[in-house]
């Protein structure tokens with residue numbers, strides 16, 4: 001896939017704007033686990049995913065994490081270029097969760113075009129609004145869903161993303177996705193195991209009853 | 001104050017765009033407690049506050065609330081016109097927390113201008129990003145601050161907004177701001193009272209030691 005076909009508003013750019021992006025664009029292949037962007041330390045640029053998976057998360061002063069959202073093929077990561085919008089007053093970290101091919105659009109070039117072009121500015125709007133919506137969804141989960149439901153949902157999602165029922169995940173890594181301490185994860189996973197939904201071994205969570213996990217996602221009430 | 005002086009990008013509009021807004025704009029005075037916008041039921045329009053105070057909150061299926069942010073003089077409420085941006089996939093409720101004078105810009109007129117005008121689209125971007133930042137701040141509080149710290153902070157904020165140390169607030173209303181059940185609020189307020197920070201009576205929380213409340217805000221660790 002060419003950049004032209006992956007960047008949603010390409011056809012609405014002027015020739016000069018197209019050239020400005022093409023001249024500044026670069027392509028990167030990053031290995032799973034690479035940190036692509038780290039908070040306010042840098043204004044990395046916009047990341048357009050050709051193929052792969054990125055994870056955006058935040059970090060507390062005490063080192064606790066929570067995953068905000070994940071970005072898939074053809075998604076655009078804008079918060080890694082948060083310097084282009086003054087009112088973005090928070091920092092995220094972006095990590096490759098799989099080996100990923102992506103394009104990086106430098107912040108200055110994008111910002112310059114966004115200032116001139118209503119289509120690019122409106123596209124940017126939609127991207128921010130989409131991430132905002134994901135964070136709102138997450139907040140509602142944290143506020144109003146019980147932890148068993150969130151954990152069940154996470155295991156099912158991960159199993160679908162990795163296309164396997166045998167998940168290589170430590171309890172700490174799961175806690176980092178969900179924003180909970182490791183001990184809380186361990187306690188709930190042991191309960192899931194006692195109910196026959198998973199089988200636990202060192203660094204592995206094997207899903208043994210998908211239906212039952214799914215029923216937890218749907219029936220869970222408020223916490 | 002005229003609308004022209006309150007609307008930030010007025011000078012960047014064309015004459016036709018100015019006329020389009022002027023012809024569609026209307027002014028409203030709403031009493032404290034008025035619900036101005038309720039979720040996806042309506043696309044109310046953009047609300048520009050001339051003078052007053054609005055509160056934006058979300059509601060769970062079980063009827064629990066949490067305040068997302070408040071809007072002050074000259075702030076623009078955009079999520080009450082969420083139909084103008086397709087990717088906004090969540091519903092908020094907007095309520096007047098004080099008697100409020102405001103202008104309503106109908107959604108269609110604004111959307112039409114935003115599609116043509118890079119300055120308006122970029123201004124819209126900044127507004128969404130500012131609200132997104134407030135929600136991110138709130139999420140970090142919920143995840144990583146203890147409830148005593150959040151409650152102390154809320155009481156101090158409310159005291160500053162209402163310019164009094166005697167707050168007319170039920171425990172339920174406080175719970176609705178902070179996203180916690182009433183019993184949790186009552187328990188913590190009784191602890192604050194036993195520590196001499198507040199005095200409680202029916203429907204009233206009187207702040208008796210601001211310094212001590214403030215120290216709770218600053219020293220509170222992760223939950």
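Protein chains in written order, with the working numbering: chain A, 1 to 223; chain B, 1 to 223. Yeah, the Cβ is synthetic: ideal placement off N, Cα and C, and Gly gets one too.
Distance CB(residue 87 of chain A)-CB(residue 44 of chain A) smaller than 8 Å: For the purposes of this step, residue 87 of chain A is taken as the residue at position 87 of the first chain. For the purposes of this step, residue 44 of chain A is taken as the residue at position 44 of the first chain. Going by C-beta atoms, residue 87 of chain A is not nearer than 8 Å to residue 44 of chain A.
Neighbour flag for residue 223 of chain B against chain A, beta carbons, 8 Å: Taking the second chain and counting its residues from 1, the one referred to as residue 223 of chain B is at position 223. Note that residue 223 of chain B has pLDDT 47, beneath the 50 cutoff, so the model's placement of it is unreliable and the number below is only indicative. It does not: the Cβ of residue 223 of chain B has no partner Cβ on chain A nearer than 8 Å.
Given residue 276 of chain B as reference, the closest of A:192, A:78, A:194, A:91 once Cα atoms are compared: Within the shown structure, residues of chain B are numbered from 1 to 223, placing residue 276 of chain B beyond reach of any answer.
Cβ neighbours of residue 121 of chain A in the same chain (closer than 7 Å, five flanking residues each side left out): Locating residue 121 of chain A in the first chain gives position 121, counting from the first residue. Answer for residue 121 of chain A: 114, listed in chain order.
Residue nearest to residue 8 of chain A in terms of C-alpha spacing, selected from A:34, A:162, A:126, A:63: Stepping through the first chain from its first residue, residue 8 of chain A is reached at position 8. If we check each option's Cα against that of residue 8 of chain A, A:126 comes out closest.
Contact with chain A by residue 48 of chain B, beta-carbon distance below 8 Å: Here residue 48 of chain B refers to the residue found at position 48 of the second chain. Interface with chain A (8 Å Cβ-Cβ cutoff): residue 48 of chain B is excluded.
Short CB-CB distance (under 8 Å) between residue 64 of chain A and chain B: As a working mapping, residue 64 of chain A is identified with position 64 in the first chain. Chain B contact via Cβ: present.
Sequence-distant residues of its chain with Cβ nearer than 6 Å to residue 199 of chain B (five each side left out): Within the second chain, residue 199 of chain B is the residue found at index 199, counting from 1. 206, 208, listed in sequence order.
C-alpha distance - residue 160 of chain B paired with residue 63 of chain A, whole-angstrom precision: In the second chain, counting from the first residue as 1, residue 160 of chain B sits at position 160. In the first chain, counting from the first residue as 1, residue 63 of chain A sits at position 63. Straight-line measurement puts the Cα of residue 63 of chain A at about 33 Å from the Cα of residue 160 of chain B.
Reference residue 108 of chain A; option with closest CA among A:215, A:20, A:133: The residue given as residue 108 of chain A occupies position 108 in the first chain. Out of A:215, A:20, A:133, A:20 has the C-alpha closest to the C-alpha of residue 108 of chain A.
Residues of its chain near residue 226 of chain B, where Cβ-Cβ distance is below 6 Å and the 5 sequence neighbours each way are ignored: Only positions 1 to 223 of chain B appear in this structure, which leaves residue 226 of chain B out of reach.
Where residue 53 of chain B falls: helix, strand or coil (DSSP): The count along the second chain starts at 1 and reaches residue 53 of chain B at position 53. The DSSP-derived three-state label of residue 53 of chain B is coil.
Cut-off 6 Å between Cβ atoms - residues of its own chain near residue 82 of chain B, not counting five sequence neighbours on either side: Counting from one through the second chain, the residue named residue 82 of chain B turns up at place 82. The residues 88, in chain order, have a CB closer than 6 Å to that of residue 82 of chain B in the same chain once the five nearest residues on each side in sequence are set aside.
First through last residue of the beta strand (DSSP E) which encompasses residue 10 of chain B: For the purposes of this step, residue 10 of chain B is identified with residue 10 of the second chain, where counting begins at 1. Premise fails: residue 10 of chain B is in no beta strand (DSSP E) and is neither H nor E.
Closer than 8 Å to chain A by CB, residue 124 of chain B: Residue mapping note: residue 124 of chain B aligns to position 124 of the second chain, counting from 1. With respect to chain A, the C-beta atom of residue 124 of chain B has a partner C-beta closer than 8 Å.
Any chain B beta carbon closer than 8 Å to residue 10 of chain A: As a position in the first chain, residue 10 of chain A is number 10, starting the count at 1. By this cut-off, residue 10 of chain A is not an interface position.
Contacts of residue 179 of chain B in chain A (Cβ-Cβ under 8 Å): Against the second chain, residue 179 of chain B aligns to sequence position 179. Correct list: 143.
8 Å Cβ cutoff met for residue 33 of chain A and residue 96 of chain A: Taking the first residue of the first chain as 1, we reach residue 33 of chain A at position 33. Taking the first residue of the first chain as 1, we reach residue 96 of chain A at position 96. Yes, the pair counts as a contact, with Cβ atoms nearer than the cut-off.
Cα-Cα separation, residue 218 of chain B to residue 66 of chain A: Numbered from 1 along the second chain, position 218 holds the residue referred to as residue 218 of chain B. Numbered from 1 along the first chain, position 66 holds the residue referred to as residue 66 of chain A. Their backbone Cα atoms lie some 23 Å apart in a straight line.
Chain D contact for residue 153 of chain A (CB, 8 Å cutoff): This model lacks chain D altogether; the protein chains it does include are A and B.
Contact with chain B by residue 72 of chain A, beta-carbon distance below 8 Å: Indexing the first chain from 1 puts residue 72 of chain A at position 72. Closer than 8 Å: no.
Residue environment, residue 110 of chain B, which counts as buried when at least 16 other CB atoms sit within 10 Å: As a first step, residue 110 of chain B is located in the second chain; it is residue number 110 there, counting from the start. That one is buried.
Closer than 8 Å to chain B by CB, residue 139 of chain A: Within the first chain, the letter at position 139 stands for residue 139 of chain A. Yes, because at least one Cβ of chain B sits closer than 8 Å to the Cβ of residue 139 of chain A.
Neighbour flag for residue 230 of chain A against chain B, beta carbons, 8 Å: Because chain A in this structure spans residues 1 to 223, residue 230 of chain A falls outside the shown range and cannot be described.
Neighbour flag for residue 197 of chain A against chain B, beta carbons, 8 Å: Mapped onto the first chain, residue 197 of chain A falls at position 197. Interface with chain B (8 Å Cβ-Cβ cutoff): residue 197 of chain A is excluded.
Beta carbon proximity, residue 188 of chain A to chain B, threshold 8 Å: For this step, residue 188 of chain A is matched to residue 188 along the first chain. Answer no: the Cβ-Cβ gap between residue 188 of chain A and chain B never drops below 8 Å.
Cβ of residue 1 of chain B within 8 Å of any chain A Cβ: Here residue 1 of chain B is taken as the residue at index 1 of the second chain, counted from 1. At a cut-off of 8 Å, the C-beta of residue 1 of chain B has no neighbouring C-beta in chain A.
Environment of residue 149 of chain A [buried if 16+ CB atoms lie within 10 Å]: Within the first chain, the letter at position 149 stands for residue 149 of chain A. Counting the other CB atoms within 10 Å of its CB gives residue 149 of chain A a total of 16 or more, which places it among the buried residues.
Given 8 Å, three or more beta-carbon pairs between the region 47-58 of chain B and the region 68-78 of chain B: Result yes; three or more Cβ-Cβ pairs closer than 8 Å.
Of the residues A:101, A:163, A:112, the one placed nearest residue 53 of chain A, counting alpha carbons only: Taking the first chain and counting its residues from 1, the one referred to as residue 53 of chain A is at position 53. Nearest to residue 53 of chain A by alpha-carbon distance, out of A:101, A:163, A:112, is A:101.
Reduced DSSP secondary structure (H/G/I, E/B, other) of residue 239 of chain A: With chain A covering only 1 through 223, there is no way to say anything about residue 239 of chain A.
Range of the contiguous alpha helix (DSSP H) that encloses residue 160 of chain B: Taking the second chain and counting its residues from 1, the one referred to as residue 160 of chain B is at position 160. 147-162 is the extent of the alpha helix (DSSP H) around residue 160 of chain B.
4-residue-minimum alpha helix (DSSP H) runs that sit fully inside the region 175-207 of chain A, ordered along the chain: Within the region 175-207 of chain A, the complete alpha helix (DSSP H) runs of at least 4 residues are 182-194.
Neighbour-count burial assignment, residue 26 of chain B, 16 or more Cβ in a 10 Å radius: The count along the second chain starts at 1 and reaches residue 26 of chain B at position 26. The residue in question, residue 26 of chain B, is exposed, as its Cβ has fewer than 16 Cβ neighbours within 10 Å.
Backbone secondary structure at residue 23 of chain A - three-state DSSP: Here residue 23 of chain A is taken as the residue at index 23 of the first chain, counted from 1. Under the three-state reduction of DSSP output, residue 23 of chain A falls in the helix class.
Given residue 119 of chain B as reference, the closest of B:13, B:29, B:138, B:60 once Cα atoms are compared: If you number the second chain from 1, residue 119 of chain B lands on position 119. Out of B:13, B:29, B:138, B:60, B:13 has the C-alpha closest to the C-alpha of residue 119 of chain B.
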